[in-house]
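Chains A and B, in that order, are what the protein sequence lines are. Just so we're aligned, residue 2 is where the first sequence starts under the working numbering, counting upward by one. Just so we're aligned, residue 71 is where the second sequence starts under the working numbering, counting upward by one. Below: the structure, in structure tokens.
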Amino acid sequence: RSPDAQHPYTHINAFQLIGMSSCLDLSGFFEK
Amino acid sequence: GCCSHRSRRPINRGFACGNMSHLADETRFTVNELEALYELFKKLSSSIIDDGSIHKEELQLALLQTPQGENLFLDRVFDLFDEKKNGVIEFDEFVHALNVFHPYAPIDDKIDFAFRLYDLRQTGFIEREEVKQMVIAILMESDVKLPDDILEEIIEKTFADADADKDGKINKEEWKVFVLRHPSLLKNMTLPYLKDVTTVFPSYIFHTEVED
Chain A
2 RSPDAQHPYT HINAFQLIGM SSCLDLSGFF EK
Chain B
71 GCCSHRSRRP INRGFACGNM SHLADETRFT VNELEALYEL FKKLSSSIID DGSIHKEELQ
131 LALLQTPQGE NLFLDRVFDL FDEKKNGVIE FDEFVHALNV FHPYAPIDDK IDFAFRLYDL
191 RQTGFIEREE VKQMVIAILM ESDVKLPDDI LEEIIEKTFA DADADKDGKI NKEEWKVFVL
251 RHPSLLKNMT LPYLKDVTTV FPSYIFHTEV ED
């Protein structure tokens, strides 16, 4: 894999991805 | 306190006044705020079965807009809220957990809660396999397909950053250092709504009236 063909996700931290789960966003309690 | 309130309707609170002031003593919430949170709790706990407790399906309905399906993260959130491990979330458990999400709650409590959330098997470590399992779960939840080598690369880099002693698992101390370096990872651990929950749930006003 050449550097300019890097996947956009490779710079993402695993926990950044995990934190995107709707279940981990409790502000859902306060919204309709 | 809530005991000075009088309601024109028959009193049907499922939570006694004494318990409210006890909860206020052990959390950041005032009795008024707890009453507002009780409105939220009633809404959540009656969405499927109106029995005064939040069932897993009700938590799922609130967070995912559907009561069906399996979700790893939902299971973890539910387990952490369900302190008594009796399969439902009661009001005091709901308040204890939300207390951690208060904007003024100590950062250490937030760090600890997030650690327990991600320590799927409760071994005291966030293991590589667990991180992989969670990444796969979020990719499924968001319908994103990622080639295996990219997935491995993400996990590799994350562990290179977080696993200071290179033993293949993240202990609590490493976790703390890691999230303090990447504070955005704790973003979900703070709910700004909790700072003025009485305005978010103004229905409180209709339920309680101060005596003349």
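Don't be surprised by glycine CBs; every beta carbon is placed ideally from N, CA and C.
Query	Result
Contact belief for V101(B) with S91(B) at Cβ below 8 Å, rounded distance in angstroms	6 Å
Short CB-CB distance (under 7 Å) between V170(B) and chain A	no
D231(B) - containing alpha helix (DSSP H), residue span	D218 to A232
Top-ranked residue by Cα proximity to R251(B), from K227(B), D231(B), A175(B) and T97(B)	D231(B)
Distance CB(T97(B))-CB(N14(A)) smaller than 7 Å	no
Neighbourhood of I286(B) by C-beta, 6 Å cutoff - its chain only, sequence neighbours within 5 removed	Nothing about residue 286(B) can be read from this structure; chain B reaches only from 71 to 282.
Supposed close pair V165(B), L104(B) - CB separation, criterion 8 Å	7 Å
Below-7 Å beta-carbon distance, Y108(B) vs any chain A residue	no
Assigned secondary structure, E140(B) (DSSP; H/G/I helix, E/B strand, else coil)	coil
Limits of the unbroken alpha helix (DSSP H) element including S91(B)	C87 to E96
Contact list for K126(B) against chain A, beta-carbon separation under 7 Å	Residues of chain A passing the Cβ test: none, with the nearest at roughly 11 Å.
Neighbour list for M204(B) in chain A, Cβ cutoff strictly below 9 Å	A15, F16, L18, I19 and S22
Where the alpha helix (DSSP H) containing R251(B) begins and where it ends	K242 to R251
Near-chain A residues of the region 194-224 of chain B (beta-carbon distance less than 7 Å), N- to C-terminal order	V201, M204, V205, I208, E211, S212, L216, I220, E223 and I224
Closest by C-alpha distance to D237(B), when choosing among E222(B), E197(B), P173(B) and F111(B)	E197(B)
Buried versus exposed call for I208(B) [16 or more other C-beta atoms within 10 Å across all chains shown]	buried
Unbroken alpha helix (DSSP H) run spanning R186(B), endpoints	I177 to Y188
Neighbour flag for A175(B) against chain A, beta carbons, 7 Å	no
Whole alpha helix (DSSP H) elements within the region 102-161 of chain B, 4-residue minimum	126-134 and 142-151
Terminal residues of the alpha helix (DSSP H) in which T269(B) lies	V267 to V270
Within chain A, the residues that N141(B) reaches when beta carbons sit closer than 9 Å	S22, S23 and C24
Alpha helix (DSSP H) segment containing I208(B), residue limits	R198 to E211
Closest Cα partner of N258(B) within the set K126(B), H125(B), V205(B) and A184(B)	A184(B)
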